[in-house]
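Take a look at the structure below.
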Ligand SMILES: [Zn+2]
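In the numbering used here, the protein residues as written are 4 to 262.
And the structure:
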């Protein structure tokens, strides 16, 4: 069996996800080098210690996550929690790849595109390009799933699809036709979504001010879970990797997180 080198994989990933086009809060690509050749990749949302342990148990040579390491504004020193994670990964020669914004924004494999697919939301398109707005064009615009225009029905559908009860602010009796979403911790984009005409904004998390924004603009807010909304991009990426490198074994491991 021909093995894929770390370099080949890294190059293909960076090119496919167009990492050079993003100004991000963390480095995108190979964050820690491990074994030079890769036979098995474990995919996950966050490179936590628990996830790394599961990946090692599953005999991964590499992990690919949405939330990697080395975030802007965090203590850069390799101590405590960060040391434990890195030391563990080095001990097991794990390659650690992190893709943050490139894996939110990718038109096909990105978290926003995949959330639309999982929930059956319609993506507004112009000349084949999704309608987006806001900082880095990270907010997507579209329509609710067919037959789920009424917010109480839509909410129930989200709960069933993501297996998590969403936080809701607004009037459940209302029906919507223009919706906006951005996976993860995008609550600070709420007002931009409103300016773009959204009648409901779906993201992962909420902050205190979200309640007032929803009330004072009279636009609904859904917090569907940061982790819950960001499980799908990395899995779609896994399918694409398998197509490109059929000899690589791929496994997604979910470490559930209530936030
Ligand atoms: Zn996130």
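Backbone N, C-alpha and C define an ideal beta-carbon position, used for all residues, glycine too.
- Quick one: does the C-beta of residue 187 sit closer than 7 Å to a heavy atom of ligand 1? Residue 187 Cβ: within cutoff of ligand 1.
- Message: On the criterion of 16 or more Cβ atoms from any shown chain inside 10 Å, does residue 86 qualify as buried, or is it exposed?
- Response: Burial call: exposed.
- Please report how far the alpha carbon of residue 43 lies from the alpha carbon of residue 52, in whole angstroms. Cα to Cα, residue 43 sits roughly 19 Å from residue 52.
- Within 10 angstroms of its Cβ, does residue 214 collect 16 or more other Cβ (buried), or is it exposed? Burial call: exposed.
- Message: Contact defined as beta carbons within less than 8 Å: I believe residue 41 pairs with residue 65. What is the distance between those atoms, to the nearest angstrom?
- Response: Yes, they are in contact, since the Cβ atoms of residue 41 and residue 65 sit about 5 Å apart, within 8 Å.
- Query: Would you call the CB atoms of residue 114 and residue 235 closer than 8 Å?
  - Reply: Their beta carbons are under 8 Å apart, which means residue 114 touches residue 235 by this criterion.
- Query: Under the criterion of a Cβ to heavy atom distance below 7 Å, does residue 109 qualify as lining ligand 1?
  - Reply: Not under cutoff, so the answer is no.
- Message: By DSSP's criteria, residue 33 is part of a beta bridge. Which residues make up the other side?
- Response: The secondary-structure analysis by DSSP pairs residue 33 across a beta bridge with 100.
- Query: Name the DSSP beta bridge partners of residue 226, please?
  - Reply: In the DSSP assignment, residue 226 forms a beta bridge with 170 and 206.
- How big is the Cα-Cα spacing for residue 23 and residue 140? C-alpha of residue 23 to C-alpha of residue 140: approximately 16 Å in a straight line.
- Does DSSP put residue 248 in a helix, in a strand, or in coil? Three-state DSSP puts residue 248 in coil, outside helix and strand.
- Identify which residue in 129, 77 and 35 has its Cα closest to the Cα of residue 98. For residue 98, the closest C-alpha among the options 129, 77 and 35 is that of 35.
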